[in-house]
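Notes for the one structure printed next.
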Amino acid sequence: MFSRAFQITTTALRTVSRKPSVIGTIRLMSTQYEHILTSRPNPSVALITLNRPKALNALSTPLFLELNKALFDADADQAVGAIVLTGSDKAFAAGADIKEMKDKEFSDVYKNNFLANWGELSRLRKPVIAAVSGYALGGGCELALMCDIILASPTAKFGQPEINLGVIPGGGGSQRLVHAIGKSRAMELVLTGRMVSAQEADQWGMISRVTDNVVEEAIKMATEISSKGQLAVQAGKEVVNAGYELTLAEGLRFERRTFHGLFATKDQKEGMAAFAEKRKAEFTHS
481 MFSRAFQITT
491 TALRTVSRKP
501 SVIGTIRLMS
511 TQYEHILTSR
521 PNPSVALITL
531 NRPKALNALS
541 TPLFLELNKA
551 LFDADADQAV
561 GAIVLTGSDK
571 AFAAGADIKE
581 MKDKEFSDVY
591 KNNFLANWGE
601 LSRLRKPVIA
611 AVSGYALGGG
621 CELALMCDII
631 LASPTAKFGQ
641 PEINLGVIPG
651 GGGSQRLVHA
661 IGKSRAMELV
671 LTGRMVSAQE
681 ADQWGMISRV
691 TDNVVEEAIK
701 MATEISSKGQ
711 LAVQAGKEVV
721 NAGYELTLAE
731 GLRFERRTFH
741 GLFATKDQKE
751 GMAAFAEKRK
761 AEFTHS
């Protein structure tokens, strides 16, 4: 949630750079936002870029309000099959905005349920891929963990350094880390506040993989996902997420019933017919 990024940042890190090869593939959309950028690398992929360069993409309330709106707009767009979320080369997100929080009182944060809207991302039905470069600390780490798939560049660094500020993660970090890397490693990160490299996060199973040109790779993956039937993709996301919360017997039953339900779709008929006829399926998402 919070981070010490402001203590370790130099002026050299206070810029947002994007590889020209990425810019060349992106068509910018509306400029309605102040703290994020929205674009379409292709019609079926929505790309959302955190854009607070002077604060290393620190997650403020105004930023999260914009982010949630952009995410749900993409989720509701029938042309979009998958979403990519990224930051800059220097920071995916260095943490929550400490300047916004440092003077808050218990009565304020409790009464207004502070950070509750951070969990809205988990209600999205379409898959979200995090493309992480640089710092993903505190809230940045939590935001990445909320996504369905994490791809990381070799420069990525993950951590939950809230303990250094006299608090603990408040945006889901402790809970999602237990699921992602187990109790012992989650406890280590939460209690020591240390950062882990992309390579270590990969070894722990915290991310899908380390890759160069992470944004391009995330867009490529999102494009591949978008070529599938949206009903099956959404069902696949739902059953995998259910595996976190259900017993094995309940999860198997839920998976099987969801599998059965897809036989009521036109995409199932088309997909299996195309396979039998050795041709490419033409999904209609119906």
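Here the numbering used here is used: the first residue of the sequence shown is 481, the next is one more, and so on. Note that CB positions come from ideal geometry on N, CA and C, so glycine has one too. The model shown is predicted, which means the values in this text are computed figures rather than measured ones.
Can you tell me which of the options puts its alpha carbon nearest to the alpha carbon of residue i?
i, options, result
"Gly639", "Gly673, Ser568, Gly599", "Gly673"
"Asn644", "Val670, Gly651, Lys700", "Val670"
"Ala571", "Glu546, Gly716, Leu623, Glu642", "Leu623"
"Leu545", "Leu530, Ala556, Leu536", "Leu530"
In the structure shown, what three-state DSSP assignment does residue i receive?
i, result
"Phe544", "helix"
"Pro523", "coil"
"Thr672", "helix"
"Thr738", "helix"
"Ile503", "Here the model assigns Ile503 a pLDDT of 38, short of 50, so the residue's position is not dependable and the matter cannot be decided."
"Ser677", "strand"
"Val434", "The chain is shown from 481 up to 766; residue 434 falls before or after that span and cannot be answered."
"Ala754", "helix"
"Arg532", "coil"
"Leu645", "helix"
"Arg733", "helix"
"Ala576", "strand"
"Arg689", "strand"
Please state if the CB of residue j and the CB of residue i are separated by a distance shorter than 8 Å.
i, j, result
"Ile609", "Ala754", "no"
"Asp569", "Ser613", "yes"
"Ala538", "Ala596", "no"
"Pro607", "Ile630", "no"
"Glu718", "Thr738", "yes"
"Leu604", "Asp555", "yes"
"Val695", "Ala611", "yes"
"Leu625", "Ala666", "no"
"Glu747", "Ala712", "Checking the sequence, you will find Asp at residue 747 rather than Glu. Against a cut-off of 8 Å, the Cβ pair of Ala712 and Asp747 comes out as a contact."
"Phe734", "Ala722", "yes"
The alpha helix (DSSP H) with residue i in it runs from where to where?
i, result
"Asn721", "710-725"
"Thr703", "694-706"
"Phe594", "Taken as a continuous stretch (DSSP letters only), Phe594 belongs to no alpha helix (DSSP H), as it is neither H nor E."
"Gly619", "619-626"
Got a sec, what are the start and stop residues for the beta strand (DSSP E) residue i sits in?
i, result
"Gly639", "637-639"
"Ala562", "562-566"
"Leu631", "629-632"
"Ala573", "571-573"
Is the stretch 514-532 in contact with the stretch 550-569, if contact means three or more CB pairs nearer than 8 Å? The stretch 514-532 is in contact with the stretch 550-569.
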